[in-house]
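Asks: Next up is a structure, given as structure tokens.
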Amino acid sequence: MEKIFTERAHLMCPGMNFGIAMSVNSIFDKERITAAFEMAAENHPFLNAVLGYEKADNSYFYDVTGSSKIDLKISDESLTGIDDPKLLDEYKRLTGYDWDIRTEGMLKAVVWKAEDNTVFLLIFHHLLADGRGALGLAEEIAQIYVGNAVFHAVSEKLISSEDDLPVDSKMPFISKTLVENANRNWKKEGHEPLSYERYHEYADSFVKNDNVKISLTKTSQDELTEIVDACRNHSVTVNDYLMAKMFIEDKTEKIIIARDIRDSLPFYSKGALGNYSTAFSVVIKKPGNDVWKLAGEVHKKVQKTISEPKDLWLVLQCYANLTPEVLDGAFMAAKGAFESKSASFIGKMFFGFEEPKGYSITNLGKIESTGINSAFFIPPASPAIRKTVGILTVNGEMRSCVSERN
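Counting in my numbering, the sequence shown runs from -13 upward without gaps.
Structure follows, in structure tokens:
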């Protein structure tokens, strides 16, 4: 039984859905579609799981059942391709309410015919995977569908205690003090834990009334080549450049980015689902308008953070050291819907849940694929974020998907 530990921060937080859309180089075949998802479910325990709960210690876990919990819809409609507006309409419909993952499972999939290709939309709950893991599953399904590739069962184990975090990543004094104070104050308040039932009712109303706009842009191979060459000449990454553009265009001084940590976890099995990422903020005061100078500053700050375990693992250390009930109540307390000063403080100061002001970018990188023609990543619309950008490059074509609140 895999208990939810640091991932508990994504449990009672709405908008924790995201998507991978892909056009696959194969004719539409309902039987092969079903078979591909059946094989994926056989190999990944979390695809057979719903949310379980143990009242004795108020713990949540991945309740792995004996059957697939994938919600698969094979559409009778056809799309013109991956850019057909119907795809995003379906994404909005399926994320327009709060999933009850006690019964619904954590992956929904819709598949359409698109001329000689097949288009897949995979929608994940963040408890099922991070963006990189979601992309891995998408590639696996595409390879099974196109070429009858065979994949084997994989162990899915996540961070289960503070001992799984690097010894040199302990929280700095100020963060530790704030976390300890929040834990003590929660205990003094004497609240009953926030129930999932109560959260789900509130979150469902929140999501249904949340106005999130999703838009897509495509960067051609020629344009991307120019960007890559310019980045190389300025000794920065494409992600540094994209962040610099966001600093300038959105007039912000802080951007949150995700960082893959699976290579740092000895228990991670290649291809496993689960959340194996951390996040950190890049702050640049008065960024100015010189995109390449700014990209250089971004590069230095990012490299400094990823080289310092105390900075890179800070958010996970906070999750690991906070009383779980404080994490559970952080969103609703910050919104004034759950009475707890300690949870409200964490929700407002650590997560920014009071109102959406944040900006973020998640870049899943680039892949070359013979099975996938094109794809894009729809990022989660966290209630703390005003605008988040998801980037994915497939076969030399970069697509950007923006989730944005007014």
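All C-beta atoms, glycine included, are put in the ideal place defined by N, C-alpha and C. A quick note: this is a predicted structure, and the numbers were derived from the prediction, not measured.
If we count Cβ pairs, one from each stretch, closer than 8 Å, do we get three or more for the stretch 27 to 46 versus the stretch 67 to 82?
Replies: No, the stretch 27 to 46 is not in contact with the stretch 67 to 82.
Asks: Would you grab the beta carbon distance between Ile270 and Leu280 for me? Rounded to a whole angstrom, and I think it's under 8 Å.
Replies: So it is a contact: roughly 7 Å between Cβ atoms.
Asks: So Met318 and Tyr188 are supposed to be a Cβ contact under 8 Å. How far apart are they, rounded?
Replies: Their Cβ separation, rounded to whole angstroms, is 6 Å, which keeps Met318 and Tyr188 in contact under 8 Å.
Asks: How many whole angstroms separate the CB atoms of Phe363 and Ile377, which I take to be in contact at a CB cut-off of 8 Å?
Replies: Yes, they are in contact, since the Cβ atoms of Phe363 and Ile377 sit about 7 Å apart, within 8 Å.
Asks: In three-state terms, what does DSSP make of Leu202?
Replies: Of the three classes helix, strand and coil, the one that applies to Leu202 here is strand, per DSSP.
Asks: If I'm right that Arg245 touches Leu298 with Cβ under 8 Å, what's the distance once you round it to whole angstroms?
Replies: Indeed they touch by this definition, with Cβ atoms about 6 Å apart.
Asks: Between the stretch 176 to 196 and the stretch -6 to 9, do three or more beta carbon pairs fall short of 8 Å?
Replies: Taking 8 Å as the limit for Cβ pairs, the verdict is that the stretch -6 to 9 does touch the stretch 176 to 196.
Asks: Around the Cβ of Pro252, are there at least 16 other Cβ atoms within 10 angstroms (buried) or fewer (exposed)?
Replies: Flag for Pro252 reads exposed.
Asks: Would Leu180 and Asp84 be called neighbours here (beta carbons separated by less than 8 Å)?
Replies: Going by C-beta atoms, Leu180 is not nearer than 8 Å to Asp84.
Asks: Out of Glu311, Ala100 and His111, which has the shortest C-alpha to C-alpha gap to Trp172?
Replies: Nearest option by C-alpha distance: Glu311.
Asks: Where Ala100 and Ile160 are concerned, what is the direct C-alpha to C-alpha distance, given to the nearest angstrom?
Replies: So the two alpha carbons sit approximately 54 Å from each other.
Asks: Any chance the stretch 5 to 19 sits against the stretch 337 to 344, with 3 or more Cβ pairs inside 8 Å?
Replies: Output reads no: the stretch 337 to 344 does not touch the stretch 5 to 19.
Asks: Check each candidate in Tyr46, Glu(-7) and Val224 and name the one with the smallest Cα separation from Ala265.
Replies: That would be Glu(-7), whose Cα lies nearest to the Cα of Ala265.
Asks: Could you please give me the residues that DSSP links to Ala95 through a beta bridge?
Replies: Beta-bridge pairing links Ala95 to Leu58 and Leu108.
Asks: Taking Leu123 as the reference, which of Val153, Leu74, Gly257 and Tyr77 has the closest Cα?
Replies: Checked all of Val153, Leu74, Gly257 and Tyr77; the closest Cα to Leu123 is Gly257.
Asks: Grab me the residues of Tyr254's own chain with a C-beta within less than 7 Å of its C-beta, minus the 5 sequence neighbours each way, in chain order.
Replies: Closer than 7 Å at Cβ, skipping near neighbours: Arg248 and Tyr262.
Asks: Does DSSP put Tyr227 in a helix, in a strand, or in coil?
Replies: Helix, per DSSP.
Asks: Taking DSSP as the reference, what is the three-state secondary structure of Thr291?
Replies: If DSSP states are grouped into helix, strand and coil, Thr291 belongs with the helices.
Asks: Are the CB atoms of Ser146 and Lys41 nearer to each other than 8 Å?
Replies: Taking 8 Å as the Cβ cut-off, Ser146 and Lys41 do not qualify as a contacting pair.
Asks: Does the beta-carbon of Thr163 have 16 or more other beta-carbons within 10 angstroms, so that it is buried, or is it exposed?
Replies: Classification of Thr163: exposed, given that the 10 Å Cβ count is below 16.
Asks: Quick one: any contact between the stretch 286 to 301 and the stretch 119 to 135, if contact means 3 or more CB pairs under 8 Å?
Replies: Because the criterion of three Cβ pairs below 8 Å is not met, the stretch 286 to 301 and the stretch 119 to 135 do not touch.
Asks: In whole angstroms, give me the CA-to-CA distance for Met229 and Lys174.
Replies: Approximately 42 Å, taken between the alpha carbons.
Asks: Check whether the stretch 206 to 224 and the stretch 98 to 117 touch, using three or more Cβ-Cβ pairs below 8 Å as the test.
Replies: With the cut-off at 8 Å, the stretch 206 to 224 and the stretch 98 to 117 do not touch.
Asks: On the DSSP letters alone, give me the boundaries of the beta strand (DSSP E) that Gly1 sits inside.
Replies: It is not in any beta strand (DSSP E) - Gly1 carries neither H nor E in the DSSP assignment.
Asks: Which residues in the same chain as Lys397 place their Cβ atom closer than 8 Å to its Cβ, once the five residues preceding and following it in sequence are excluded?
Replies: A question about residue 397 goes unanswered here, because the residues of the chain that appear run from -13 up to 392.
Asks: Using only the alpha-carbon positions, how far apart do Glu125 and Ser386 sit?
Replies: C-alpha separation (whole angstroms): 19 Å.
Asks: DSSP three-state call for Phe363: helix, strand or coil?
Replies: Strand at Phe363.
Asks: Going by DSSP, what residues sit across from Cys387 in a beta bridge?
Replies: Cys387 pairs with Leu202 and Gly376.
Asks: Within this structure, are the beta carbons of Val388 and Val380 separated by less than 8 Å?
Replies: The answer is no: Cβ separation not under 8 Å.
Asks: Can you give the Cα-Cα distance for Ser399 and Ser64, rounded to whole angstroms?
Replies: This structure leaves residue 399 out entirely; the chain is present only between -13 and 392.
Asks: For Val132, report the span of its alpha helix (DSSP H) as first-last.
Replies: Gly117 to Gly133 is the span of the alpha helix (DSSP H), which, as asked, contains Val132.
Asks: By the DSSP assignment, the alpha helix (DSSP H) with Asn307 in it spans what residues?
Replies: Residues Leu300 to Asn307.
Asks: Contact between the stretch 78 to 98 and the stretch 327 to 335: three or more CB pairs below 8 Å?
Replies: No, the stretch 78 to 98 does not touch the stretch 327 to 335.
Asks: At what residues does the beta strand (DSSP E) containing Lys174 begin and finish?
Replies: Counting along the chain, Lys174 falls outside any beta strand (DSSP E), though it belongs to the alpha helix (DSSP H) covering Phe159 to Glu175.
Asks: Apply the 10 Å Cβ neighbour rule to Pro158 and answer buried if 16 or more other Cβ atoms are within range, or exposed otherwise.
Replies: It counts as exposed.
Asks: Contact check, Leu80 vs Ile109 under 8 Å by CB: the rounded distance?
Replies: Leu80 to Ile109, Cβ: 6 Å. Contact.
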